[in-house]
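Q:
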Amino acid sequence: MTDRRLRAGDLIHVTTAASVQFRTPIMFRLIRVLDRPTFDGWLWLDGYQTNDAGDATARRQIFVQPTGLRKLLPR
């Protein structure tokens, strides 16, 4: 996902391609990219994990490689 910037409101599919902690993939609604020091090529994201209907189920901060994220189209 290097060709598009992450924006508030984006719905993102997060899998092991973004981080090994997501062995079970999640859908994530982005609030913001956090300004925290990280390793090169990694980001902290703040947002909500969503269910299949798009409803927020948990607020989370996740540590991921943006190249492994996939933006989903709005429903």
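Residue numbers for the sequence shown follow our numbering, beginning at 1059 and rising by one. For glycine and all other residues, C-beta sits at the position ideal for the given N, C-alpha and C. If you're wondering where the values come from, they're calculated on a predicted model, not measured in any experiment.
Please go through the same chain and pick out, in chain order, the residues whose beta-carbon is closer than 6 angstroms to the beta-carbon of I1120, but skip the five residues on each side of it.
A: L1103
Q: If we ignore side chains and look at the alpha-carbon of each, how far apart do I1084 and R1128 end up?
A: 11 angstroms
Q: Could you tell me whether the Cβ atoms of Q1123 and W1100 are closer together than 7 angstroms?
A: yes
Q: What residue range does the beta strand (DSSP E) around R1118 cover?
A: Where R1118 is concerned, the enclosing beta strand (DSSP E) stretches over A1114 to V1122.
Q: Compare the beta carbon distance of R1090 and A1114 with 7 angstroms and say whether it is the shorter of the two.
A: no
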